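Reading through the structure tokens given below for one structure.
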Amino acid sequence: MSGPRIAVFGSVNMDLVAYVGTAPATGETVTGTAFRQVPGGKGANQAVSAARAGADTVFLGAVGDDAFGAELRGNLVASGIDTTGLRTVPGPSGIAHIVVDGRGGNSIIVVPGANGEVTGTVPGDRELIGGADALLLQLELPMEAVVAAARTGREQGVRVHLTPAPARELPDELLESVDVLVPNEHEAAAITGRTDPREALAALLERVPEVLVTLGGEGSLYGARGAEPVHVPALKVEAVDTTAAGDTFCGSFAVARAEGAGPAEAMRFAAAAAALSVQRHGASSSMPTRAEVEALLGG
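Counting from 1, position 153 in the sequence shown corresponds to residue 153 in full-length UniProt numbering; the numbering is continuous, with no gaps.
Below is the structure:
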């Protein structure tokens, strides 16, 4: 039996990752311990997560006509992802400068590059999105493009998941097409002005039907209109790099839900995937396979 089909409309970047004991303060220079160049971007990360979780995955976005662009496309193809919807545009690909400290925490600067050229859907996107069970969106593309993709998903009867990162004001024209909003606790607070996750959850449910707030080491909190919130704890592990843990969670959760799992079961599956990812370095390179997730859950 083949897995569900997941469409991801989003960003793809080359991550330039520096590892340090303590991240530098403004004006300070520190010596790093390692450097890695790893394909990333929130959209591409979620696509790789979904593919490794067992989904038939298609990616829609853009890379530049530079060497990074060819490498980024090749990484998606190598991950088993359909790149029919991945455009090549003149200029540089997106990049992200990431600093990871000795505790696994990170800070990130994203330079959009080709991602900034995606200002809407193009011919062929409607069919790719319409053939999916779920559409995953983030906010590393221009807002008008995210709105256009969300509308396409709604019109095609596809379940739309939105990760509101980087956090910004969410227009009603976007949220009216969103089925599931998946912020982390900081994004939920930034959007609602409520620092308590349960209060933020309640506020967000006034705008969308379902909300899943990720809480880092405290797990995740799910709510739907007319139902009691569900909390699932995180698996306790020693983190070495939390880059893309949230994207791993989002992609895995979407796959489990598309397969028919209930919210709590899907949250446990996603928590296991995220727990495995934070024990490894890198973004897409840290994401586990379905077999690894099931082995962890089975153990």
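For each residue, glycine too, the CB sits at the ideal point set by N, CA and C. All of these numbers come straight from a predicted model, not from anything done at the bench.
Residue i - DSSP class collapsed to helix/strand/coil
i           : result
Pro-39      : strand
Thr-26      : coil
Met-143     : helix
Val-158     : coil
residue 302 : With the chain covering only 1 through 299, there is no way to say anything about residue 302.
Ile-129     : helix
Ile-109     : strand
Ile-191     : helix
Arg-225     : coil
Leu-170     : coil
Met-1       : Per-residue confidence for Met-1 stands at a pLDDT of 43, beneath the threshold of 50, marking its modelled position as unreliable; no derived number is given.
Gly-85      : strand
Leu-135     : strand
Gly-94      : strand
Ser-286     : helix
Ala-165     : coil
Val-293     : helix
His-186     : helix
Val-8       : strand
Ser-220     : strand
Val-48      : helix
Asp-101     : coil
Gly-260     : coil
Leu-276     : helix
Ala-55      : coil
Glu-210     : strand
Leu-215     : coil
Residue i, buried or exposed, once every other Cβ within 10 Å from all chains shown has been counted against 16
i           : result
Gly-102     : exposed
Ala-254     : buried
Asp-172     : exposed
Arg-225     : exposed
Glu-187     : buried
Ser-93      : buried
Met-1       : With a pLDDT of only 43 at Met-1, under 50, the local geometry of the prediction cannot be trusted, and the value read off the model is given with reservation. Met-1 comes out exposed.
Phe-35      : exposed
Ala-295     : exposed
Glu-117     : buried
Pro-112     : buried
Thr-248     : buried
Gly-10      : buried
Ala-227     : exposed
Ala-78      : exposed
residue 308 : Because residue 308 is not part of the residues shown, which for the chain are 1 to 299, the question remains open.
Proximal residues to residue i (C-beta, below 8 angstroms), its chain only, five neighbours per side dropped
i       : result
Leu-215 : Asn-184, Glu-185, Pro-197, Leu-221 and Ala-234
Ser-177 : Val-147, Ala-150, Arg-151, Gly-153, Arg-154 and Val-160
Arg-268 : Val-232 and Leu-297
Val-20  : Val-30, Thr-31, Gly-32, Thr-33, Val-99, Val-100, Asp-101 and Gly-102
Leu-174 : Met-143, Val-146, Val-147, Ala-150 and Leu-162
Val-122 : Arg-87
Gln-37  : Met-14, Asp-15, Leu-16 and Val-17
Residues near residue i by beta carbon distance below 6 angstroms, same chain, minus five either side
i           : result
Ile-108     : Ala-96 and Ile-98
Phe-68      : Met-14 and Ser-93
Leu-76      : Phe-59 and Thr-83
Val-8       : Gly-43, Gln-46, Ala-47, Phe-59 and Leu-136
Ala-266     : Phe-253, Ala-256 and Arg-257
residue 315 : Examination of residue 315 is not possible in this model, given that the chain is present from 1 through 299 alone.
Val-293     : Ala-272 and Ala-273
Ile-81      : Ala-47, Ala-51, Thr-57 and Phe-59
Pro-24      : Val-30
Assumed close pair residue i, residue j - CB separation to whole angstroms, cut-off 8 angstroms
i       : j       : result
Ala-239 : Ala-283 : Not quite, the Cβ-Cβ distance comes to about 14 angstroms (not below 8 angstroms), so this is no contact.
Ser-252 : Ala-270 : 4 angstroms
Ala-114 : Ala-62  : 4 angstroms
Gly-105 : Thr-242 : 6 angstroms
Gly-32  : Ala-18  : 5 angstroms
Thr-195 : Ala-203 : That belief does not hold up - the Cβ atoms of Thr-195 and Ala-203 are roughly 11 angstroms apart, past 8 angstroms.
Pro-229 : Leu-201 : 6 angstroms
Other residues of its chain near residue i: CB distance less than 7 angstroms, five sequence neighbours each side excluded
i           : result
Pro-209     : Asp-179, Ala-224 and Arg-225
Gly-85      : Val-58, Phe-59, Leu-60, Gly-124, Asp-125 and Leu-128
Gly-131     : Arg-5
Gly-299     : none
residue 301 : Limits of the chain in this structure are 1 at one end and 299 at the other, which puts residue 301 out of reach.
Thr-192     : Ala-200, Ala-203 and Leu-204
Arg-207     : Leu-175
Test: residue i CB closer than 8 angstroms to a CB of chain C
i       : result
Ala-227 : This model lacks chain C altogether; it includes just one protein chain.
Below 8 angstroms, can you find three or more Cβ-Cβ pairs linking the region 40-51 to the region 145-152? No, the region 40-51 does not touch the region 145-152.
If contact is defined by three or more beta carbon pairs under 8 angstroms, each pair taking one atom from either stretch, is the region 233-240 in contact with the region 261-277? yes
So, do the region 133-142 and the region 164-176 have three or more beta carbon pairs nearer to each other than 8 angstroms? yes
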